[in-house]
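Quick note, the sequence shown lines up with residues 4 to 420 if you use my numbering. Glycine included, each C-beta is placed from N, C-alpha and C at the ideal position.
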Amino acid sequence: MAAKCARTPGESCVPRESCTPQEGACILRGVNHAPGESCASRGVVCVIGTLPGAARERRAATAGPVVARRGGGTAHDLTGAEPIGSDAMAAPIPKAELHLHIEGTLEPELAFALAEGNGLTLPFASQDDLRAAYSFQDLQSFLDLYYALMTVLRTEDDFADLADAYLTRAREQGVRHAEIFFDPQAHTARGVPVGTVIRGLARALDAAPEKHGITTRLIMCFLRDHSAGSALRTFEEARPHLERITAIGLDSAEVGNPPAKFREVFELAREAGLKCVAHAGEEGPPANVWEALDVLGVDRVDHGVRSMEDPKLVARLAADQVPLTVCPLSNLRLRVVDRLADHPLPAMLDAGLMVTVNSDDPSYFGGYAEDNFTAVREALGLDEETLRALARNSFQASFLDETTRETYLKEVDAHVF
Ligand code: ES4
Ligand code: ZN
4 MAAKCARTPG ESCVPRESCT PQEGACILRG VNHAPGESCA SRGVVCVIGT
54 LPGAARERRA ATAGPVVARR GGGTAHDLTG AEPIGSDAMA APIPKAELHL
104 HIEGTLEPEL AFALAEGNGL TLPFASQDDL RAAYSFQDLQ SFLDLYYALM
154 TVLRTEDDFA DLADAYLTRA REQGVRHAEI FFDPQAHTAR GVPVGTVIRG
204 LARALDAAPE KHGITTRLIM CFLRDHSAGS ALRTFEEARP HLERITAIGL
254 DSAEVGNPPA KFREVFELAR EAGLKCVAHA GEEGPPANVW EALDVLGVDR
304 VDHGVRSMED PKLVARLAAD QVPLTVCPLS NLRLRVVDRL ADHPLPAMLD
354 AGLMVTVNSD DPSYFGGYAE DNFTAVREAL GLDEETLRAL ARNSFQASFL
404 DETTRETYLK EVDAHVF
């Protein structure tokens, strides 16, 4: 492990300050290990450690077009060209994506290309091998793979490429506006500065209106299974970049990490003029939704499906028209529901809740925005006017300015199925 690092000192070098490749502290269990050695505690192999080479050159040479994989989807490349074979298909309804983890859009093709570019070896022999690991028992089993795979993201370019690839797919799925989560601590914990993450994402997002016809916002999430102190330190590290951030959020393992733990950082964010959202009522009980509302003062609840277990909470959410960003395919893949046909979405709509349909971590859960619309239409028998109401809700619940919101709502009303 004595080879010299090819990079400029400080340039997304892991571990932190040192630019001498060395046995990295494993992000999964915090112990030193040799590159590629198995992290026995979680049953996955850490991707930290192989030597950076002529990174970007190799990546440029090997990163071929990304091709959609889902049945009924569209094959496409990353050039912004029209989807192949789209002629015969009806245009998807215009919609806003309000619950989307950018790290959860990392497709196997790009993961392998970034690993190659950064001189890393993924612990999967092929893209198909990696896809075969996308079988989850619950939220934690997904999060283990999600955090492991995102370690291929190291440079500003990596984050820009990730966001640009997402935006290409999003537009094909009718997304006109996207409010995008990112997890700064998942990157700073392995030595990638928060500025690298935000600058990379912002570069792609700044180009998005012209390149993809999509407006965007960025939402900085805190990992609820890390300490409140870590969230506060991360917020201060991100302060120089707050003009790029619209809201803060709260995500990761919900059970055992209630919203109130993060009261202080949410207060700071609100003082700084940011909006607030939080995952609650995904795997956790309705009490977490109450706390998100009453302690954190959130403007939206992410997921919130378990609110349906508490009639008083349902009444409160309906009275205040608090948006709930529901993610049907995520709920299916993480076994929040056994079958999509059992999903509480129709009951939520019947209860008068302000519900939106979103994709969460589309690379892992089998579908982007329109795929989720199609899935609920088919599994739950939603009619066209219900789908239009869901699309309207997505813009109503967004953090858009009123003029742009009205423009998008008119597009929804004019949509022909
Ligand atoms: C997440 Cl599905 C889900 N739930 C909670 N936190 C997350 N982070 C990324 N995906
Ligand atoms: Zn989520």
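Identified DSSP bridge partners for residue 224
252
Does the Cβ-Cβ distance between residue 346 and residue 326 come in under 8 Å?
no
Pairing CB atoms from the region 280 to 287 with CB atoms from the region 302 to 321, are three or more of them under 8 Å?
yes
Quick one: does the C-beta of residue 254 sit closer than 7 Å to a heavy atom of ligand 2?
yes
Determine the burial state of residue 322: buried for a count of at least 16 other Cβ atoms within 10 Å of its Cβ, exposed for fewer.
exposed
Within 10 angstroms of its Cβ, does residue 413 collect 16 or more other Cβ (buried), or is it exposed?
exposed
State yes or no: is the C-beta of residue 351 within less than 8 Å of the C-beta of residue 358?
yes
For the beta strand (DSSP E) containing residue 98, name the first residue and the last one.
98 to 104
I'd like to know if the region 149 to 159 and the region 102 to 111 are in contact, where contact means that at least 3 CB-CB pairs between them fall below 8 Å.
yes
Counting pairs of beta carbons, one from the region 112 to 128 and one from the region 181 to 200, are three or more of them closer than 8 Å?
no
Can residue 366 be considered in contact with ligand 1, in the sense that its beta carbon sits closer than 7 Å to one or more heavy atoms?
no
Kindly indicate which three-state DSSP category residue 229 falls into: helix, strand or coil?
coil
Are residue 246 and residue 185 closer than 8 Å when you measure CB to CB?
no
Under a three-way DSSP split, which group does residue 385 fall into?
coil
Let's see if you can read the secondary structure: which residues bound the beta strand (DSSP E) around residue 360?
357 to 360
As a quick exercise: from 415, 377, 407, 402, pick the residue whose alpha carbon is nearest that of residue 395.
415
Is the distance from the Cβ of residue 284 to the Cβ of residue 258 below 8 Å?
no
Could you have a look at residue 281 and say whether DSSP puts it in helix, strand or coil?
strand
Below 8 Å, how does it come out for the region 249 to 257 and the region 217 to 235: are there three or more Cβ pairs, yes or no?
yes
Let me know the secondary structure DSSP gives residue 218 once reduced to three states.
strand
If we ignore side chains and look at the alpha-carbon of each, how far apart do residue 417 and residue 92 end up?
18 Å
Nearest to residue 157 (by Cα), restricted to the options 140, 130, 201, 137
201
With 16 as the cutoff for other CB atoms within 10 Å, does residue 403 come out buried or exposed?
buried
How long is the line joining the alpha carbons of residue 371 and residue 377, rounded to whole angstroms?
10 Å
Considering only heavy atoms of ligand 1, does any lie closer than 7 Å to the CB of residue 332?
no
Ordered along the chain, which non-local residues of its own chain (more than five positions away) have a Cβ less than 7 Å from that of residue 289?
309, 310, 312, 313, 316
Considering only the alpha carbon of each residue, which of 125, 217, 349, 276 lies closest to residue 98?
217
Among 167, 336, 342, 233, which one has its Cα closest to the Cα of residue 137?
336
Can the beta-carbon of residue 401 be found less than 8 Å from the beta-carbon of residue 408?
yes
With burial defined as no fewer than 16 other Cβ atoms inside 10 Å of the residue's Cβ, what is the status of residue 145: buried or exposed?
buried
Distance, Cα to Cα, residue 168 vs residue 366?
11 Å
Spatial neighbours of residue 73 in its chain, beta-carbon cut-off 6 Å, leaving aside the 5 residues before and after
Legend: pLDDT at residue 73 = 28, less than 50; position of this residue unreliable, value from coordinates given subsequently. Taken in chain order, the list of residues that qualify is empty.
Among 237, 420, 410, which residue has its Cα nearest to the Cα of residue 390?
420
Where residue 4 falls, given that 16 or more other Cβ within 10 Å makes a residue buried:
Summary for residue 4: the model assigns pLDDT 31, below 50, so the residue's position carries little reliability, and this model does not support an answer.
Taking C-alpha atoms, which residue in 240, 386, 296, 369 lies nearest to residue 223?
240
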